[in-house]
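Protein chains: 2
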Amino acid sequence: MGKRGKADRRTVLLNYKLWLSSMSGEGIISEDTYHLLMKIKEKGSLKRAAEEQNMSYRKAWGDIKKAEEMLEYELTEKTRGGIGGGRSKLTGKAEKLLEAYHALHKKFDESIEEAYQEFRTKISNK
Amino acid sequence: MGKRGKADRRTVLLNYKLWLSSMSGEGIISEDTYHLLMKIKEKGSLKRAAEEQNMSYRKAWGDIKKAEEMLEYELTEKTRGGIGGGRSKLTGKAEKLLEAYHALHKKFDESIEEAYQEFRTKISNK
DNA sequence: GAACGACATGCGTATCTTTGCATCTCAAAT
DNA sequence: ATTTGAGATGCAAAGATACGCATGTCGTTC
Chain P
120 MGKRGKADRR TVLLNYKLWL SSMSGEGIIS EDTYHLLMKI KEKGSLKRAA
170 EEQNMSYRKA WGDIKKAEEM LEYELTEKTR GGIGGGRSKL TGKAEKLLEA
220 YHALHKKFDE SIEEAYQEFR TKISNK
Chain E
120 MGKRGKADRR TVLLNYKLWL SSMSGEGIIS EDTYHLLMKI KEKGSLKRAA
170 EEQNMSYRKA WGDIKKAEEM LEYELTEKTR GGIGGGRSKL TGKAEKLLEA
220 YHALHKKFDE SIEEAYQEFR TKISNK
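Protein chains in written order, with our numbering: chain P, 120 to 245; chain E, 120 to 245.
Laid out in structure tokens, this is it:
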């Protein structure tokens, strides 16, 4: 025991979510989509990417489609048939988007840390 | 016309959401809760606050309750009976929380603006 | 040209949220 | 003591999401 215990239980955590949208508000690229795209890049297959993301193929496919419709450009090059039945790989634009998204996220992480410290100071003491 | 029109439609917007949670992940104070509390402060009534927020009283009440359970302190002073049937007003702690949340949000907005510009530059050309 | 297996997609089902009652509770004002 | 109207809650209905299944498409490989 000691200084911990109750204090820990009461600790308030700060969370955030970052996503991109079109002006109409429709179609989004969220954290999940980002990770899904990263997996596609790694695996070369939407199906396997979805499996690793623990998400249904149906949803994964729908998410990518939505994102592409919103951006008005393709994120993946799809191939049907052939060995393995087909595959998906990222387009150059998708790769660039991922890089930019990642940098943005990193920046978010950094700036949230200091903002959070200030926040906690304000709500803690009387 | 000119430089706008199509370019605008394609504009990718950055969205983010900040919220507080307990360590278990349960109970949250989101943007919505923040605005709901602001309305309570303004109106002195949960019912009217919910109406203005365009949210059911049922949900509003549940959200506040959840938040209070998570924080382990009251956010509102509730009164039943009397003229008007009752009312709700914010506690001092709630006021402080709102201030801190607002400051957090503002600080975050500022520090993110730059990152967003970079992001847009990265994905726009080439 | 038959087989293979992922891409593609519709649609009914399951799951999670929010809403919409219905019902109580309570204390100030009459 | 009765009235009043928002706070407090349970619960079933309604909506929104996501999942699973079924079924079709396609192009390389054998």
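Ideal Cβ positions, reconstructed from N, Cα and C, are used throughout, including at glycine. Predicted model only: the values in this text are computed from it and were never measured.
Run through DSSP, which three-state label would residue i get?
i: L133 of chain E; result: strand
i: E229 of chain E; result: helix
i: S207 of chain E; result: strand
i: E196 of chain P; result: strand
i: Q236 of chain P; result: helix
i: K122 of chain P; result: Model confidence at K122 of chain P stands at a pLDDT of 45, short of 50, so the residue's coordinates are unreliable; what they give is reported in the following sentence. Residue state, collapsed to three classes: coil.
i: S243 of chain P; result: helix
i: I202 of chain E; result: coil
i: K215 of chain P; result: helix
With residue i as the anchor, note down where its beta strand (DSSP E) starts and where it stops.
i: E191 of chain P; result: First-last for E191 of chain P: undefined, no H or E at that position.
So, using beta-carbon positions, are residue i and residue j closer together than 8 Å?
i: L165 of chain E; j: S207 of chain E; result: yes
i: D182 of chain P; j: L209 of chain P; result: no
i: L132 of chain P; j: F227 of chain P; result: no
i: A213 of chain P; j: T198 of chain P; result: no
i: A186 of chain E; j: I148 of chain E; result: yes
i: E218 of chain P; j: K241 of chain E; result: yes
i: Q172 of chain E; j: K158 of chain E; result: yes
i: F238 of chain E; j: A234 of chain P; result: no
i: A169 of chain P; j: S175 of chain P; result: yes
i: E145 of chain E; j: M189 of chain E; result: yes
i: I202 of chain E; j: S230 of chain P; result: no
i: T130 of chain E; j: M142 of chain P; result: yes
i: Y135 of chain E; j: Y135 of chain P; result: yes
Taking residue i as part of the alpha helix (DSSP H), name the residues at either end of that continuous run.
i: E161 of chain P; result: 150-162
i: E145 of chain E; result: Run containing E145 of chain E: none; DSSP gives neither H nor E here.
Who pairs with residue i in a beta bridge, going by DSSP?
i: W247 of chain P; result: No answer is possible for residue 247 of chain P: it lies beyond the span of chain P, which begins at 120 and ends at 245.
Next item on the list: Determine which residues of the region 165-181 of chain P have a Cβ less than 7 Å from any Cβ of chain E, and write them out in chain order.
Entry: none
Item checked: the region 195-219 of chain P: positions lying closer than 9 Å to chain E by Cβ -> G211, K212, K215, L216, E218, A219
Next item on the list: Scan the region 133-154 of chain P for residues whose Cβ lies nearer than 9 Å to a Cβ of chain E and list them as they occur along the chain.
Entry: L133, N134, Y135, K136, L137, W138, L139, S140, S141, M142, S143, G144, I147, I148
Notebook entry, point to check: Can you list, in chain order, the residues of the region 223-236 of chain P whose Cβ is nearer than 7 Å to any Cβ on chain E?
Noted result: L223, K226, F227, S230, I231, A234
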